[in-house]
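So the structure is just underneath, and the comments pick up after that.
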Amino acid sequence: MNTLVLDSDDVDEYARLADVIDAVEGAFGAFERGDTQMPVKSYIDLPQYNGDFRSMPAYLDTGEWDAAGLKWVNVHPDNPEDHDLPTVLGTMIYSDPETAFPLAIMDGTTLTMKRTGAAAAVATDYLAVENASSLGLVGAGVQSYMQLEAISEVRPIEEVVVSDPDEERVEQFVETYEDQFDVRGGSIADAGSCDVLSTVTPVEDPIVDLEDVGEHTHINAIGADAEGKHELADAVLEAARIVIDDHEQCTHSGEINVPYGEGVLTDADIYGEIGELVVGAKDGRSDETGITVFDSTGLAIQDVAAAHVVYKQASADGAGYGLDLVGVDG
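This note's numbering puts the first residue of the sequence shown at 338, with every later residue one more than the last.
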């Protein structure tokens with residue numbers, strides 16, 4: 338019995354977005370029903386290396402399948418320049434909940450990209466107008482690509498507007514998708530006027546104002562992943578129906594963390610968690626709904642759900658490298 342080792346190419350191939358979206362939706366539902374265990378993310382701070390480690394363990398039971406795993410991930414901003422390595426390196430350990438056998442060790446960086454896009458797709462499916470055909474992107478980094486790929490799985494996206502101060506990144510994005518979509522660069526207001534808007538920047542001073550956003554735009558706020566980060570102006574959040582992934586994470590390090598900490602927003606301003614929409618405890622969009630915002634901080638159950646998809650598909654296909662990691666084969 339071997340542990341399956343899967344590299345980034347394997348994860349990219351077998352984390353098929355339609356399947357990951359379904360799995361992440363199931364994970365959100367399990368979270369709402371109380372069928373998960375997800376300890377608070379723990380940190381090891383390493384100021385001498387200008388970096389840190391983060392551990393994200395979780396277990397979930399969707400009713401159809403259960404899964405357990407741990408993502409070990411870092412943030413080392415000096416890596417690209419000093420060591421020719423990515424800033425973020427993730428490793429996922431995927432285990433059998435019944436026996437604790439390590440079923441797989443896989444690249445967690447690509448996995449994170451996929452599950453983040455999938456979470457936005459789930460929220461978009463519940464909160465965007467049904468016939469949404471235009472997608473705006475603020476930020477043209479790697480996650481912007483995944484946002485388009487994932488959201489186009491749940492809505493008939495035809496027009497894409499990408500806004501980024503780096504013109505080369507915009508050009509690269511446009512060239513990548515010009516044969517698939519009507520895609521162009523534009524201003525933040527151009528992007529914000531689309532049916533769906535995903536913001537994927539690391540800013541601390543808001544860059545999307547209320548006048549930039551359409552009356553019925555659904556916004557996936559992805560970029561805020563640490564205390565102090567804040568992409569959307571308070572007026573946008575005050576005008577919107579706000580759906581979050583997890584109260585503790587979002588109020589500490591999500592898009593709402595700054596206005597919540599300042600008392601501009603309170604719990605009364607939060608419509609609910611995405612899991613409540615998934616299980617039907619609360620409605621998504623109605624005809625009267627205006628702007629909606631999904632505050633996505635990323636949960637460990639999403640990583641485990643995505644790893645479940647990858648392992649299931651890869652093992653069925655005979656992919657990866659089998660390793661007798663724990664010596665059970667003698």
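Idealized CB from N, CA, C, for every residue including glycine.
So, is residue 417 buried or exposed, given that buried needs 16 or more other C-beta atoms within 10 angstroms? Counting of Cβ neighbours within 10 angstroms places residue 417 among the exposed residues, the total staying below 16.
Boundaries of the alpha helix (DSSP H) in which residue 420 is found, first to last residue: 416-420
Environment of residue 628 [buried if 16+ CB atoms lie within 10 Å]: buried
Just to confirm before moving on: does the CB-CB distance between residue 448 and residue 348 stay below 8 angstroms? Yes, these two residues count as a Cβ contact at 8 angstroms.
As a quick exercise: from 640, 373, 613, pick the residue whose alpha carbon is nearest that of residue 450. 640
Identify, in the order they occur along the chain, each residue of the same chain with its Cβ nearer than 6 angstroms to the Cβ of residue 551, setting aside the five sequence neighbours on each side. 530
Measuring only between beta-carbons, confirm whether residue 569 sits less than 8 angstroms from chain B. Annotation note: the requested chain B is absent from the structure, which comprises a single protein chain.
I need the DSSP call for residue 508, collapsed to helix, strand or coil. Look at residue 508 here: in three-state DSSP terms it is helix.
According to the Cβ coordinates, are residue 388 and residue 412 closer than 8 angstroms? Result yes, Cβ atoms of residue 388 and residue 412 sit closer than 8 angstroms.
The beta strand (DSSP E) spanning residue 631 covers which residue range? 629-632
For the stretch 505-512 and the stretch 454-465, state whether three or more C-beta atom pairs, one from each stretch, are separated by less than 8 angstroms. no
Please go through the same chain and pick out, in chain order, the residues whose beta-carbon is closer than 8 angstroms to the beta-carbon of residue 611, but skip the five residues on each side of it. 365, 456, 459, 460, 463, 580, 581, 582, 631
Any idea if residue 669 is buried or exposed, counting beta-carbon neighbours within 10 angstroms, 16 or more meaning buried? Residue coverage of the chain in this structure runs from 338 to 667, which leaves residue 669 outside it and unanswerable.
Is the beta carbon of residue 565 sitting closer than 8 angstroms to the one on residue 476? Not in contact: residue 565 and residue 476 (Cβ atoms no closer than 8 angstroms).
Give me the Cα-Cα distance between residue 478 and residue 503, rounded to the nearest whole angstrom. 10 angstroms
Please state whether the Cβ-Cβ distance between residue 427 and residue 453 is less than 8 angstroms. no
Could you give the first and the last residue of the continuous alpha helix (DSSP H) run that contains residue 368? 354-370
Per the contact definition of three or more C-beta pairs closer than 8 angstroms, is the stretch 480-494 in contact with the stretch 521-528? no
Neighbourhood of residue 603 by C-beta distance below 8 angstroms, restricted to the same chain and skipping five residues each side: Its chain contains 597 as the residues whose beta carbon lies nearer than 8 angstroms to that of residue 603, once the 5 sequence neighbours on both sides are disregarded; these appear in chain order.
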